[in-house]
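Input: a single structure, listed below in structure tokens.
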Amino acid sequence: MTINNDINNDIKFLAKSEIRLKILSELNKKPDNVRGLVKKTNIAYSSVSSNISKLEKNNYITKVKNKYHVNPMTQVYFKNLMDFKNSVKIVNDYDSFWNKHNLNQLSINSVKRITDLKNSQLIETTPIDIYKTHNTIKKQMIKSKKVQAIFPYLHPEYPELIEQVLINDGSVELIVSKSIFKELIFRVNDNIRKKAIKKGKLKVYSFKSDLNLYLTICDKTMSLGLFKNDGSFDQNRILISNDQKSFKWAQELFNHIQKQVKQ
Amino acid sequence: MTATDIKKELNEEFSGVKYILTSGMRSKLLIAMYESPKNLDELRKELKKPSATILHGLKELETINLIKKVQKYYELTSNGFLLTTNMVKLIENWYAINKSKIYWNSHDLSGIPDGILNDIYLLKNAEYVNSTTSDLSNAFNTYIKLISKATKLKIILPIYSENHFKHLIKVLNGNKLKKLELIVNEEIIESINENIVLKKELLMNKKVNVKCVNKKLKVFLTISDTFMTLTLFFNDGHYDDSQILIAKDQNAIKWGKTLANNYKK
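Same order as they appear, the protein sequences are chains A and B.
Residues 1 to 263 in our numbering are what the first sequence spells out, letter by letter.
Residues 1001 to 1265 in our numbering are what the second sequence spells out, letter by letter.
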């Protein structure tokens, strides 16, 4: 791996000052002059004006007709910085979800695109609702026409849920641990199963090594669960989302794991 | 609001970014451990800093739960791994942009949607071929040489250029190229239709599939199985035929495909 083992001075120049970041964020939305920026941000006139001149001197912004515009490249830099900022936010916001959990089976691409999960919601069980995570997923799955899932363990209700989706003429595609493959398959009603497999509505792949990842993709929603570092599945937390970016993120992850099955 | 309130608000808005990115020590430590878990001795050698400095940095990172010590080795926690991967992405992006700063800065980027612009680090192995005063068509000739070897081409064509068409037709009439997908807008297609030869050789050619989109096209993008090229317009609206970006790795080709798909939508 070749990483330029140093944070570029330009990154430091921008990241060092929240005021500069704020100014860029405003100018990125709309070109403006110092007075306008002061009004929008409530930052002191002198700070705005001194940072504006630093930004101009370092070629991040240009003055055109009395207003400052960000240069095209600055937009790219700024977007990248904000993308990083959002990744920090996601790590912090869902700290209990990531912390001390096994991320080995996430693809490097899914980690790089972690900000796609920005609009997710963390569902945690509570003492009065200890099945909250399972029930949330169940509700999503039962009315779905298309289910893709990675099951590292067998929940007793899964066979029935799968039957339900198939009865409604939906399709189910599963990646499961080798150890539960047979159990799961044979608990699904024989007739329904055989018919669905014939019609291509049910596909089940057996994953050779251990699965450390729980993922369901139902029509428009996705949910993600992780294993703890001690090797047990964390039944108390899932990340769910119904926005398009997360959905696509989940699909890419599903495809990534599926490729490993085929190899 | 008082000055301290504003400061606090700003700190919250950009929290985390500053802490990680402005300390060379902290970021270097994270990157060193991103490669593999390391012990103090290895870190000291890699960073060329005394133990005390390194231990201090390690302590800070341990406190905010980005790294942990397992036996004698320091390694990233899951949070640290998420964060460092994204920091490395940021640095790689930055490196790629810097390398090509002049190219990107002097061109109109409005034809590249935000999400895709964010990924231009995928182009980090790209080369930039410029025409020079002694060879005014260097960029163009390099391009023609590339397309003449392709078996499959997908092109977003934002310009009507008979010179380009002439060479495309020549390649189409050869044996190598099996399929050409052209993405153009109505204006271009009308112009092609007015020229009998182009209409016959391009639009009616069985190897050619033309997709007409109702969009302003601001990029000249070509993708094959083995390369991608990109030329852009200047900010003043003129097409720049003197600079071409060429990349031959899968990441760059993937980036190009994403961009092309975006136009087809």
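For glycine and all other residues, C-beta sits at the position ideal for the given N, C-alpha and C.
These figures come from a predicted structure and were not determined experimentally.
Going by DSSP, A:K208 is part of no beta strand (DSSP E) at all; its letter is neither H nor E. Contacts between A:F84 and chain B, judged by CB atoms closer than 8 Å, involve V1017, L1021, N1086, M1087, K1089 and L1090 in chain order.
Within chain B, L1082, L1083 and N1086 have C-beta atoms less than 8 Å from the C-beta of A:S87, given in sequence order. B:K1008 and A:N59 have their C-alpha atoms roughly 28 Å apart. The alpha-carbon of A:N191 is positioned some 56 Å away from that of B:S1148. Between A:L211 and A:I167, the beta carbon gap of about 27 Å keeps them out of contact (Cβ cut-off 8 Å).
Residues of the same chain with a CB within less than 7 Å of the CB of B:V1088, apart from the 5 flanking positions on each side, are I1031 and Y1034 in chain order.
B:W1255 has a beta carbon lying at 7 Å or more from every beta carbon in chain A.
Selection B:N1093, B:T1085 and B:K1145 evaluated against B:S1224 yields B:K1145 as nearest (Cα-Cα). Taking all protein chains in view, the Cβ of A:E26 is crowded by 16 or more other Cβ atoms within 10 Å, so the residue is classified as buried.
Positions of the alpha helix (DSSP H) runs, each at least 4 residues long and wholly inside the stretch 16-46 of chain A, are given as 18-29 and 34-41 in order along the chain. Closest option to B:N1205, judged by alpha-carbon separation, among B:L1182, B:Y1073, B:N1086 and B:E1060: B:L1182. In terms of Cβ geometry, A:K22 and A:T41 form a close pair [threshold 7 Å]. Take B:P1113, set aside five residues on each side of it, and the residues of its chain with a beta-carbon closer than 7 Å to its own are N1262, in chain order. As for any alpha helix (DSSP H) of minimum length 4 sitting wholly inside the stretch 1032-1056 of chain B, the runs are 1040-1047, ordered along the chain. At least one beta carbon of chain B lies nearer than 7 Å to the beta carbon of A:V91. Look at the beta carbons and you see the stretch 1104-1119 of chain B touching the stretch 1207-1225 of chain B: at least three pairs across the two are nearer than 8 Å.
A direct Cα-Cα distance of roughly 20 Å separates A:I123 from A:L106.
Secondary structure at B:F1227: coil, using DSSP grouped into helix, strand and coil. Among the CB atoms of chain B, one or more fall inside 7 Å of the CB of A:L21. In the three-state DSSP reduction, A:R113 falls in the coil class, being neither helix nor strand.
Residue nearest to A:E173 within the set A:Y45, A:V188 and A:G200 is A:G200 (criterion: CA-CA distance).
Contact note: B:S1078 reaches chain A through W98, N99, K100, H101, N102, L103 and N229, using a C-beta cutoff of 8 Å and chain order. The DSSP assignment places complete alpha helix (DSSP H) segments of no fewer than 4 residues inside the stretch 1176-1217 of chain B at 1186-1194, in order along the chain. Counting C-beta pairs with one atom in each stretch, the stretch 79-91 of chain A and the stretch 215-230 of chain A have fewer than three that are closer than 8 Å, which means they do not touch. In this structure B:E1092 is not in contact with B:Y1128, their Cβ atoms being roughly 18 Å apart against a cut-off of 8 Å. Rounded to the nearest angstrom, the Cβ distance from B:T1151 to B:K1124 is 26 Å, too far for a contact under 8 Å.
Between A:R35 and A:T133, the beta carbon gap of about 52 Å keeps them out of contact (Cβ cut-off 8 Å).
When DSSP states are grouped into helix, strand and coil, B:K1154 belongs to the strand group. At a cut-off of 7 Å between beta-carbon atoms, A:M222 makes no contact with chain B. For A:Y77, the chain B residues whose Cβ falls inside 8 Å of its Cβ are W1094 and I1097, in order along the chain. A:N71 and B:I1097 have their C-alpha atoms roughly 13 Å apart. Contact note: A:M73 reaches chain B through I1097, K1101, W1104 and N1105, using a C-beta cutoff of 7 Å and chain order. By the rule that beta-carbons nearer than 7 Å mark a contact, B:N1261 does not touch chain A.
A:S144 sits buried, since 16 or more C-beta atoms from the chains shown fall within 10 Å of its C-beta. Within the same chain, Cβ atoms closer than 6 Å to the Cβ of A:Y205 are found at I175 and V261, the five residues on either side in sequence being excluded.
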